[in-house]
Structure formats: C-alpha cells, structure tokens
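Step one of this worksheet: look at the structure below.
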Amino acid sequence: MTLLEKYDIPAPRYTSYPTVPYWETDQMNESEWMHHVVRVFEKDRRLSLYVHLPFCEKLCTYCGCNKHITRNHAVESPYIQSVLAEWAMYQEQFPGKPVLTELHFGGGTPTFFHPDNLKQLLDGLLATVEVAEDHEFSFEAHPASTTREHLETLFSLGFRRISVGVQDVDEDILRVINRFQTVEQVQYVTDAAREIGYESVNMDLIFGLPFQKQEHIRKTMAWIQKWMPDRIAFYSYAHVPWMKNGQRAFDENDLPDTVAKRALYETGKRILEESGYHDVGMDHFSLGKDALFQSAQSGILHRNFMGYTPFFTPLSIGLGASAIGDTFTAFAQNIKTVAAYETAVASGHLPLQRGHLLSQEDQLIRQHILNLMCRYQTSWQQEDQRDKILARLAEPIADGLVVVGPNGVKVTDIGKGFLRNICLAFDERYWGKVPTGRVFSQAV
Numbered sequence: 001m002t003l004l005e006k007y008d009i010p011a012p013r014y015t016s017y018p019t020v021p022y023w024e025t026d027q028m029n030e031s032e033w034m035h036h037v038v039r040v041f042e043k044d045r046r047l048s049l050y051v052h053l054p055f056c057e058k059l060c061t062y063c064g065c066n067k068h069i070t071r072n073h074a075v076e077s078p079y080i081q082s083v084l085a086e087w088a089m090y091q092e093q094f095p096g097k098p099v100l101t102e103l104h105f106g107g108g109t110p111t112f113f114h115p116d117n118l119k120q121l122l123d124g125l126l127a128t129v130e131v132a133e134d135h136e137f138s139f140e141a142h143p144a145s146t147t148r149e150h151l152e153t154l155f156s157l158g159f160r161r162i163s164v165g166v167q168d169v170d171e172d173i174l175r176v177i178n179r180f181q182t183v184e185q186v187q188y189v190t191d192a193a194r195e196i197g198y199e200s201v202n203m204d205l206i207f208g209l210p211f212q213k214q215e216h217i218r219k220t221m222a223w224i225q226k227w228m229p230d231r232i233a234f235y236s237y238a239h240v241p242w243m244k245n246g247q248r249a250f251d252e253n254d255l256p257d258t259v260a261k262r263a264l265y266e267t268g269k270r271i272l273e274e275s276g277y278h279d280v281g282m283d284h285f286s287l288g289k290d291a292l293f294q295s296a297q298s299g300i301l302h303r304n305f306m307g308y309t310p311f312f313t314p315l316s317i318g319l320g321a322s323a324i325g326d327t328f329t330a331f332a333q334n335i336k337t338v339a340a341y342e343t344a345v346a347s348g349h350l351p352l353q354r355g356h357l358l359s360q361e362d363q364l365i366r367q368h369i370l371n372l373m374c375r376y377q378t379s380w381q382q383e384d385q386r387d388k389i390l391a392r393l394a395e396p397i398a399d400g401l402v403v404v405g406p407n408g409v410k411v412t413d414i415g416k417g418f419l420r421n422i423c424l425a426f427d428e429r430y431w432g433k434v435p436t437g438r439v440f441s442q443a444v
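Residue numbers (our numbering): 1 to 444.
Encoded structure:
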C-alpha cells in the first residue's frame, strides 16, 4: 500500500480546534459569548473582523461555502443594515475604541454587492474604530463581477489585498462546475488592481475537480506564470455531497482517484516552485516579497477562520450569516440562513447559533495544531497527553512523515503532504468520539 492510499482517510481541515462537529454548544448563550469577547478586549483592543457576504448569482457546484443564490440585488441594502446593526451590538459592549488590524470580506461573492453599498458598509464599520497602521484589508473577488469601480472604491477605504477566485482556466472544467469566467476577465481584474495600487494579489486554485487532468493543471499554471500573483491558495477539492447538494451534479466516478489527484498537486507545486513561489503552510504559496512568506520566515504566521495571515489578534469577530467569532477561549457561529439571521438581528439580539467554550486541554491542543499548520513543528513540556500522541504518530513516524525530538515533533518535507493526518494524532475530541458516518472530506 502506498502512502497516498494509506493516509487518504476522512480528516478535518483544522481551521479550528475543536473542529465544528465537536463543538459542545448547539445554542451559544449571548451573554456568555459577550463576556469572553469583552474579557479579551480589555487586555488587547486589537481585533480581526470577518464579514460574510453570502450572495451569489449562480451556484458553483464545487463550492463548500455557505451561500445564498439569487439574482435579486434588492437583498443588498437590508443585509448591510443587519450587519451594521450586529456590529453596533458589539460596539456598545466594548470598553474603548477597537484597533482594527485585519478586515476580510468573504463570500459568497462580495463583488455581488454594488460598490456604493460596499462603501456604505465600510463607512459604518470604520466609523468608530481606530485602524492599525500595519492593517491588512482584503476581499474575495469573482472575475466575472468585479469592476474597476469595485476596486477603486475599496482601495480608497484602505483595502490593499485582493483574492481572485480562478479555480481552473479550462472552459470545459469551468462548465462542469458551473462557473463562468474567462482568462480575459482574470487578466483585467489583476491588471486593474495593480494599476490602482493593490499591494498583494492572491489567486485561488483547486486541484481534484471533476474530470481535471494533468493538462488542465499545466494550462492553469501557464497562466499563473503570466499573471504572477503574490500569493496562491492551491486547495484540494473537498467532495462532501452529503453536506453540499450542489456537488451531487457529479460523483466519485468523475473525480481523479487518490494517486491521480495527488499527482495534480505535485505537478502544480513543482511549477510554482520553479516559478519562484515558496511553500507557506498547507495549500498556500507566496512570492518572497509577500508578507505571508515573510511572516512564515519570522515565525509569526497565523491561521484563523480567514485562512493564513501575517497577523495574530486574540479577538476575531465574525459578522453576517454563518460568520464565526473567536476569542481563543470560545467560538461562536452565527445563524446560517440570511432570513433567520436578519430576523434575529432585528429582534435586538446577537444572531448566534452555536459555539464552544474551550477547556484548558482544548487550548493546549489547539496551540499544537496551530504550530504544526504554521511552523511544521510543535513542542511540549511535561504534557500528560504526550505518550498518547506519540503512540498515534507511530505509523507516521515509521513512514518518515514526522521526526521526534527531545521535547516535540517536526514534520518532514514528505510529511507536509499529510499534515491533516499528523494533526489528527493530537485531536483528543476526535479520538474520544470517532465518527461513524460521513463527516469530513478525504485528507489527500
């Protein structure tokens, strides 16, 4: 059995620990959540803000995000008013002015919104905060809906980073996943952003899509070599049709098998490295001049619900339907559907749906997983769980994925391709209740 076959098991992506299926609170208590928020804020006024803008005009069938499909743009203004009302509830509780370090507009499709409405949203969010000098404001852009007015409006309000959803450039692949854009549109958005003054352009790519082959990866990478984005997120397609009905448009027979899928990644990675990109964390690459690579080199790279970031703030607040907040002692996720979210906000209550209060053990394990995800190593001092973790790592150690030192473990170059499996060894919540049904996507 090859390493790929051996380790291609369902495993979390570890955007959080504990992972969402193991959160213990089906209905997060509003006062308890705000208590955690304020307690962190009193020690450090810096915060990261994620705003979920869930609307899309069309359903991309590969997508695993929370979204609301509509062509009715009348939904924009009421949603923005709800987001600002939610933000006001936090502002009322803050004992001082927040220092905004990081702001990200995610989707859905943020560029679904008219630039004037995005400006209204930004004006409301920024009215009562202090913007950190070294802030990073970013947004996700669909090449088919992003205009120069979008770019200029957001730039004027402090945005300097844009993330362009490319996925693949082949028309046949894009047709299968119901995503309609052209390389000319990607070129236009990239050129316009750089001309206006954006300092960092990210492009999202996916390997393992239905019917995707080596020639598709090489074709996409040839365009990447022309565009030379500053950062690249090269994601593994997560096939979870039991969670996302849109993925039922194709099945496992349409997908590359484990070996073929991994070969797509290795081809892409080789071309990226030959083109001057550096491996930065799981699925991410950047040029040497970019802040993401520099933060990895200096050991301050961080990972949160927004992805990899050069910034760490102990407080992250999520606004909008399904958005997640994090105080490092607690998680809270908002109601997922737009209508229910807006109704909850209109009632004057935080629109919380579920959450989790982290135990001391949770916090310790979370730090180990963050260390592995951001620095490929972690250490411990007289930790009770050490022997149990090392026992679970026995096979990865024997297979050369991990090396053990006196006080910790380090991921090898081969092991970087199996990072989710390595993190799984630390996951006490998982081993305390191993899933009996389909919960997670395949690790490879």
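Even glycine gets a Cβ: it sits at the ideal position worked out from N, Cα and C.
Have a look at the options and flag the residue whose alpha-carbon is nearest the alpha-carbon of residue i.
{"i": "G415", "options": "G307, S379, G281, F328", "result": "G281"}
{"i": "L157", "options": "D168, T327, K119, F112", "result": "K119"}
{"i": "Y235", "options": "F112, S298, G165", "result": "G165"}
{"i": "Y104", "options": "A394, I389, G325", "result": "One point to set straight first is that residue 104 is His, not Tyr, in the sequence displayed. The shortest C-alpha separation from H104 is found at G325."}
{"i": "I446", "options": "G355, L352, Q381, Q353", "result": "Because the chain here runs from 1 to 444, residue 446 falls outside it and cannot be looked at."}
{"i": "M373", "options": "Y14, T2, P18, K433", "result": "Y14"}
{"i": "R429", "options": "E184, T70, K6, S16", "result": "S16"}
{"i": "G124", "options": "V51, N304, A391", "result": "V51"}
{"i": "E252", "options": "E86, F211, K410, A193", "result": "F211"}
{"i": "T436", "options": "V338, P21, V99", "result": "P21"}
{"i": "E383", "options": "G408, A238, R392", "result": "G408"}
{"i": "N334", "options": "N117, F94, L370, E30", "result": "E30"}
{"i": "H239", "options": "F418, M228, D254", "result": "D254"}
{"i": "E140", "options": "L154, A132, W223, Y7", "result": "L154"}
{"i": "K226", "options": "M203, E215, A233", "result": "M203"}
{"i": "T19", "options": "A193, F418, D362, P256", "result": "D362"}
{"i": "L100", "options": "G108, Y341, Q91", "result": "Q91"}
{"i": "Y277", "options": "M221, M1, Y237, A323", "result": "M221"}
{"i": "S338", "options": "G107, N178, P98", "result": "The sequence given here places Val at residue 338; Ser does not occur at that position. For V338, the nearest C-alpha among the options comes from G107."}
Would you check if the distance between the CB atom of residue i and the CB atom of residue j is smaller than 7 Å?
{"i": "G246", "j": "T61", "result": "yes"}
{"i": "Q167", "j": "A144", "result": "no"}
{"i": "L358", "j": "A11", "result": "no"}
{"i": "I217", "j": "T267", "result": "yes"}
{"i": "V186", "j": "D230", "result": "no"}
{"i": "R479", "j": "A394", "result": "Residue 479 lies beyond the residue range present for the chain, which begins at 1 and ends at 444; the question has no answer from this structure."}
{"i": "Y490", "j": "H284", "result": "Residue 490 is absent from the structure shown; the chain starts at 1 and stops at 444."}
{"i": "A321", "j": "P78", "result": "no"}
{"i": "P115", "j": "E149", "result": "yes"}
{"i": "N304", "j": "S286", "result": "no"}
{"i": "E102", "j": "S48", "result": "yes"}
{"i": "M89", "j": "L350", "result": "yes"}
{"i": "E57", "j": "F113", "result": "no"}
{"i": "I177", "j": "L121", "result": "no"}
In the DSSP output, what is residue i paired with across the bridge?
{"i": "A233", "result": "D204, H284"}
{"i": "C56", "result": "I69"}
{"i": "K410", "result": "Q377, V403"}
{"i": "D493", "result": "This structure cannot speak to residue 493, because the chain is shown only from 1 to 444."}
{"i": "P241", "result": "None, per the DSSP bridge assignment."}
{"i": "N304", "result": "G307"}
{"i": "A330", "result": "L357"}
{"i": "F105", "result": "V51, F139"}
Note down, in chain order, each residue of its chain lying with its Cβ closer than 7 Å to the Cβ of residue i, except the 5 sequence neighbours on either side.
{"i": "T146", "result": "T111, V189"}
{"i": "E152", "result": "I196"}
{"i": "P241", "result": "Q247, R248"}
{"i": "G96", "result": "R45"}
{"i": "A192", "result": "R148, L151"}
Can you give me the Cβ contacts of residue i inside the same chain, cut-off strictly under 6 Å, excluding the 5 residues immediately before and after it?
{"i": "A368", "result": "Inspection of the sequence shows that residue 368 is occupied by His rather than by Ala. Excluding residues within five positions, the ones whose Cβ falls inside 6 Å are T378, F426."}
{"i": "E36", "result": "The identity of residue 36 in the sequence shown is His, whereas the question assumes Glu. If we look at H36 and ignore the five residues flanking it on each side, its Cβ neighbours are T327, T329, A330."}
{"i": "A291", "result": "P310"}
{"i": "K410", "result": "Q377, V403"}
{"i": "P314", "result": "V40, D44, F328"}
{"i": "R375", "result": "none"}
{"i": "E32", "result": "none"}
{"i": "A332", "result": "M28, W33, G325, L352, G355"}
Is there at least one non-hydrogen atom of the ligand FMN closer than 6 Å to the beta-carbon of residue i?
{"i": "L118", "result": "Because no ligand of any kind appears in the structure shown, any question about the ligand FMN cannot be addressed here."}
For residue i, which residues of its own chain have a beta-carbon under 8 Å away from its beta-carbon, when the five flanking residues on both sides are left out?
{"i": "Q93", "result": "M34, V37, V38"}
Quiz prompt | Inter-stretch contact at 8 Å, needing at least 3 Cβ pairs: the region 42-53 / the region 398-405 | solution = no
Quiz item: Just checking, does the region 167-178 make contact with the region 125-139 on the three C-beta pairs under 8 Å criterion?
Solution: no
Self-check item: Meets three-Cβ-pair contact criterion under 8 Å: the region 184-197 and the region 254-272
Solution: no
Exercise. Would you check if the region 24-33 and the region 279-297 touch, i.e. whether three or more CB-CB distances between them fall below 8 Å?
Key: no
Quiz item: If we count Cβ pairs, one from each stretch, closer than 8 Å, do we get three or more for the region 264-277 versus the region 337-349?
Solution: no
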